[in-house]
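1 is the number of the first residue of the sequence shown in the UniProt record's numbering; add one for each residue after it. We put the CB at the ideal spot given by N, CA and C, even for glycine.
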Amino acid sequence: LACEQVVRALLRAGADTRMRSSTWRSTVRGSDSGQTAAHWAAASGNTEALEVLLEADPYGLMLQDERQLTLSTVAANAGHGWLDNAMQRLRDEPVVCVRIERQLTLQKPIVVATEEEPHE
């Protein structure tokens, strides 16, 4: 199977595109930590896998690893600057980010006193 097909199969099975890595190398050297699958695809120059991952989660384009590196920077640092052209197309697409709160806080309404009309 091609890498793209494997990525699609993993996504269909419920893989989380925002899962972050924590590797032996990161523990010892303090690098390559907190990267998503998209970071790894960008670092290896795997355009097909990267496109599939970003189709599933366009916001992934803006995610940073623990060193504050975006996909573009990771790709360029690994000698894959040409990936930036492929990602530029995705950057130009409109993306709507929705923040969903996981904790709902219920509060009682505050009663605000109103001016009373003068009594006769």
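Original post:
Quick one: Cα of G34 to Cα of A9, how far?
Top reply: 23 Å
Subject >> Nearest-angstrom Cα separation, counted from L71 out to L63 >> reply: 8 Å
**OP:** Just the C-alpha distance for E48 and D84, rounded to the nearest angstrom, thanks.
**Re:** 14 Å
**OP:** Return the CA-CA distance between E51 and R67, expressed in angstroms with no decimal places.
**Re:** 23 Å
Subject >> Inter-residue spacing [alpha-carbon to alpha-carbon] between T36 and E55 >> reply: 14 Å
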